[in-house]
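Novice:
Protein chains in written order, with my numbering: chain A, 2 to 60; chain B, 99 to 522.
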């Protein structure tokens, strides 16, 4: 899960970067940037979940 | 920059080490007494390592806006990605230009960014790996992002090339310093794991109170002075703020910190029946962090509201991260620096005196922090951990970092003798 989370974070950033570089200043560009941030959020959730130690194993 | 502005800027830059001192003292106070000397020494070593590494290689990547840089053409636009300065500052001539002010300010800022993860690693982070990790921060991670935001890099060009407001705005370093450091702190907390005894066998989080609340609260005052210098010098050097805006910047900084600390006091009073000193201190620093992004571009009222939200976010997220995510972060570095800093960047785009489309540039900057800087910090620290384990041995942790790594405790006269408790 950790590598997948990291890959999603990078993929989200790539979407944001591509939208900023290639699209004209239209609502679609803002939409793509928000979509990229959404992909990053999924990656972050995956990474956080991968690091949550099950309650019984925390000690 | 006029001579008066240069002098004022230099004075402000010279206040910045007080922010580092504040953070070091706060991390020490929030840790255990048996690791107090180790935490302070680690802070000193981290700042020293960061300064030397930044001097040797960090400045090569970061550079200064308007000087040599490496650019790529994307869709007909020249994207500025890296600085192209020579190592050891050898490409600069001592001519009193603002570039030297940038170097001094950035050397201090790199140290501050490298210091933030220490709050998450208190009581278990070995001294050697902490220094190597700070070298990675000051030599690679910090200069790269700081170039993009402050060195004339692509984030600062978003306004000129792509009509996103005035480009990514981070006057005092909420993103460059605070979020970068906060995300590195999360990486360190994950890699080190929780302190022994932090979580019970049933998974309940135990409160390990800091050993010196007076240190923690004194640190707030020191950090306030340091942050005022950090925000004012950053706004003048990187956001084009005139020297006359220093008063507004100091006001914004104070109002945001004060509102944030009071919000934390009200929330903890409501939830626990009494205000919690360490969470109020975290709230204070969270407010300082949130003020950094838009200092000089926020009206005083907006700065106060930004602080209230920052205080609420810090107070609630400290508990959430500790209890529900199982992340042992004794100094609250992730909440105070990463979360409050992100909020400050967003608030600047939404409520600052900036063009309408500014929020998009701020969002691209935040996406870069979480989508590039965080994976980079996590991966580099993970590789370091494979070759140079960062966590102290179980025996060392039981003994305390002071005795284990330094051979002497911070408070040798405060030894509890068993016979003191025997009824005579």
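Glycine included, each C-beta is placed from N, C-alpha and C at the ideal position.
Hey, does residue 17/A have any beta-carbon neighbour from chain B nearer than 7 Å?
Specialist: Position 16 of the first chain, counted from the first residue, corresponds to residue 17/A. At least one chain B Cβ lies under 7 Å of residue 17/A.
Novice: Could you tell me whether the Cβ of residue 288/B comes closer than 7 Å to any Cβ of chain A?
Specialist: Position 190 of the second chain holds residue 288/B. Residue 288/B counts as touching chain A.
Novice: Output needed in chain order: residues of the segment 6–39 of chain A with a Cβ under 7 Å from some Cβ in chain B.
Specialist: 7, 10, 11, 13, 14, 17, 21, 22, 23, 26, 31, 34, 37 and 38
Novice: Indicate whether at least one CB of chain A lies closer than 7 Å to the CB of residue 388/B.
Specialist: For the purposes of this step, residue 388/B is identified with residue 290 of the second chain, where counting begins at 1. Not one chain A Cβ lies under 7 Å of residue 388/B.
Novice: CA-CA distance, residue 291/B and residue 494/B?
Specialist: In the second chain, counting from the first residue as 1, residue 291/B sits at position 193. In the second chain, counting from the first residue as 1, residue 494/B sits at position 396. Straight-line Cα distance between these residues: approximately 15 Å.
Novice: I'd like to confirm the pairing. Which residues does DSSP put opposite residue 176/B in its beta bridges?
Specialist: Indexing the second chain from 1 puts residue 176/B at position 78. DSSP output for residue 176/B lists 171/B as bridge partner(s).
Novice: Quick test of the definition: if touching needs 3 or more C-beta pairs under 8 Å, does the segment 437–452 of chain B touch the segment 133–153 of chain B?
Specialist: Counting Cβ pairs under 8 Å, fewer than three are found: no touch.
Novice: Can you tell which of 198/B, 312/B, 267/B and 235/B has its C-alpha closest to the C-alpha of residue 248/B?
Specialist: Position 150 of the second chain, counted from the first residue, corresponds to residue 248/B. The candidate whose alpha carbon is nearest that of residue 248/B is 267/B.
Novice: Along the segment 468–489 of chain B, what residues have a CB closer than 8 Å to any CB found in chain A?
Specialist: 468, 469, 470, 472, 473, 476 and 477
Novice: Would you say residue 446/B and residue 391/B are within 7 Å of each other, going by their C-beta atoms?
Specialist: The residue you call residue 446/B lines up with position 348 of the second chain. The residue you call residue 391/B lines up with position 293 of the second chain. It is a contact, given that the beta carbons lie within the stated cut-off.
Novice: Looking at chain A, which residues of the segment 423–436 of chain B have a Cβ within less than 7 Å of any of its Cβ atoms?
Specialist: 423 and 424
Novice: Which runs of the alpha helix (DSSP H) spanning at least 4 residues fall entirely within the segment 239–284 of chain B, listed in chain order?
Specialist: 240–248 and 256–260
Novice: Take residue 432/B as the anchor and find which of 317/B, 374/B and 288/B has the nearest alpha-carbon.
Specialist: For the purposes of this step, residue 432/B is taken as residue 334 along the second chain, with counting starting at 1. The residue with the shortest Cα to Cα distance from residue 432/B is 288/B.
Novice: Secondary structure at residue 297/B, three-state DSSP: helix, strand or coil?
Specialist: Your numbering for residue 297/B matches position 199 in the second chain. Three-state result, residue 297/B: strand.
Novice: List, from N- to C-terminal side, the beta strand (DSSP E) runs of 3 residues or more that fit wholly inside the segment 148–233 of chain B.
Specialist: 167–172 and 175–181
Novice: Return the residue from the list 423/B, 231/B, 351/B and 368/B that minimises the CA-CA distance to residue 303/B.
Specialist: As a working note, residue 303/B is residue 205 in the second chain. The residue with the shortest Cα to Cα distance from residue 303/B is 423/B.
Novice: Would you identify the three-state DSSP class for residue 303/B, choosing helix, strand or coil?
Specialist: Walking along the second chain from the start, residue 303/B turns up at place 205. DSSP places residue 303/B in strand when its eight states are reduced to three.
Novice: Taking buried to mean at least 16 other C-beta atoms within 10 Å of its own C-beta, is residue 420/B buried or exposed?
Specialist: Position 322 of the second chain, counted from the first residue, corresponds to residue 420/B. Its Cβ being crowded by 16 or more others within 10 Å, residue 420/B is buried.
Novice: Any beta-carbon of chain A closer than 7 Å to the one on residue 462/B?
Specialist: To locate residue 462/B, count along the second chain from 1; it is residue 364. At least one chain A Cβ lies under 7 Å of residue 462/B.
Novice: Measure the C-alpha to C-alpha separation of residue 476/B and residue 101/B and round it to an integer number of angstroms.
Specialist: Along the second chain, read from residue 1 onward, the residue named residue 476/B stands at position 378. Along the second chain, read from residue 1 onward, the residue named residue 101/B stands at position 3. So the two alpha carbons sit approximately 42 Å from each other.
Novice: Residues in the same chain with beta-carbon distance under 8 Å from residue 322/B, minus the five sequence neighbours each way, listed in chain order, please.
Specialist: Your numbering for residue 322/B matches position 224 in the second chain. Cβ neighbours of residue 322/B beyond the five flanking positions: 120, 351, 352, 355, 382 and 386.
Novice: Got a sec? Which residues, its chain only, sit under 7 Å from residue 155/B by beta carbon, not counting five neighbours each side?
Specialist: As a working mapping, residue 155/B is identified with position 57 in the second chain. If we look at residue 155/B and ignore the five residues flanking it on each side, its Cβ neighbours are 185 and 237.
Novice: Is there a C-beta anywhere in chain A that falls below 7 Å from the one on residue 240/B?
Specialist: Translated into the one-based positions of the second chain, residue 240/B becomes position 142. Output row for residue 240/B: interface = no.
Novice: Consult DSSP for residue 30/A and reduce its assignment to one of helix, strand or coil.
Specialist: On the first chain, residue 30/A is found 29 positions in, with the first residue counted as 1. Looking at residue 30/A - three-state DSSP - the assignment turns out to be helix.
Novice: Helix, strand or coil, according to DSSP, for residue 451/B in the structure here?
Specialist: Start at 1 with the first residue of the second chain, and residue 451/B comes out as number 353. Here residue 451/B sits in coil by DSSP.
Novice: If you draw a straight line from the C-alpha of residue 308/B to the C-alpha of residue 137/B, how long is it?
Specialist: Stepping through the second chain from its first residue, residue 308/B is reached at position 210. Stepping through the second chain from its first residue, residue 137/B is reached at position 39. Straight-line Cα distance between these residues: approximately 13 Å.
Novice: Which residues in the same chain have their Cβ closer than 6 Å to the Cβ of residue 37/A, if we skip the five residues on either side of it in sequence?
Specialist: For the purposes of this step, residue 37/A is taken as the residue at position 36 of the first chain. Cβ within range, chain order: 13, 16 and 17.
Novice: DSSP on residue 372/B, reduced to helix/strand/coil?
Specialist: Sequence index remark: in the second chain, residue 372/B carries index 274 (1-based). Residue 372/B falls in the coil class under three-state DSSP.
Novice: Applying a beta-carbon distance threshold of less than 8 Å, which residues of chain A neighbour residue 173/B?
Specialist: For the purposes of this step, residue 173/B is identified with residue 75 of the second chain, where counting begins at 1. Result: 22 and 23.
Novice: Listing by chain order, which chain B residues have their CB less than 7 Å from the CB of residue 49/A?
Specialist: The residue given as residue 49/A occupies position 48 in the first chain. Correct list: 423.
Novice: Decide if residue 23/A is buried, meaning its Cβ has at least 16 other Cβ atoms within 10 Å, or exposed.
Specialist: Along the first chain, one-based indexing puts residue 23/A at 22. Looking at its Cβ environment, which holds fewer than 16 other Cβ atoms inside 10 Å, residue 23/A is exposed.
Novice: Anyone know if the C-beta pair for residue 335/B and residue 200/B falls short of 7 Å?
Specialist: By 1-based counting over the second chain, the position of residue 335/B is 237. By 1-based counting over the second chain, the position of residue 200/B is 102. Yes.
Novice: Check the C-beta distance from residue 429/B over to residue 220/B and give it rounded, since I have them as a contact under 8 Å.
Specialist: Looking up residue 429/B in the second chain gives position 331. Looking up residue 220/B in the second chain gives position 122. Indeed, because the Cβ distance is near 6 Å, the residues count as touching under 8 Å.
Novice: Comparing alpha-carbon positions, which option in 401/B, 364/B and 296/B lies nearest residue 413/B?
Specialist: As a position in the second chain, residue 413/B is number 315, starting the count at 1. Cα-wise, what sits closest to residue 413/B is 364/B.
Novice: Would you list the residues sitting across from residue 52/B in a DSSP beta bridge?
Specialist: Beyond the ends of chain B as shown, which are 99 and 522, falls residue 52/B; an answer cannot be given.
Novice: Would you mind stating whether residue 132/B and residue 500/B have Cβ atoms separated by less than 7 Å?
Specialist: Along the second chain, one-based indexing puts residue 132/B at 34. Along the second chain, one-based indexing puts residue 500/B at 402. The answer is yes: Cβ separation under 7 Å.
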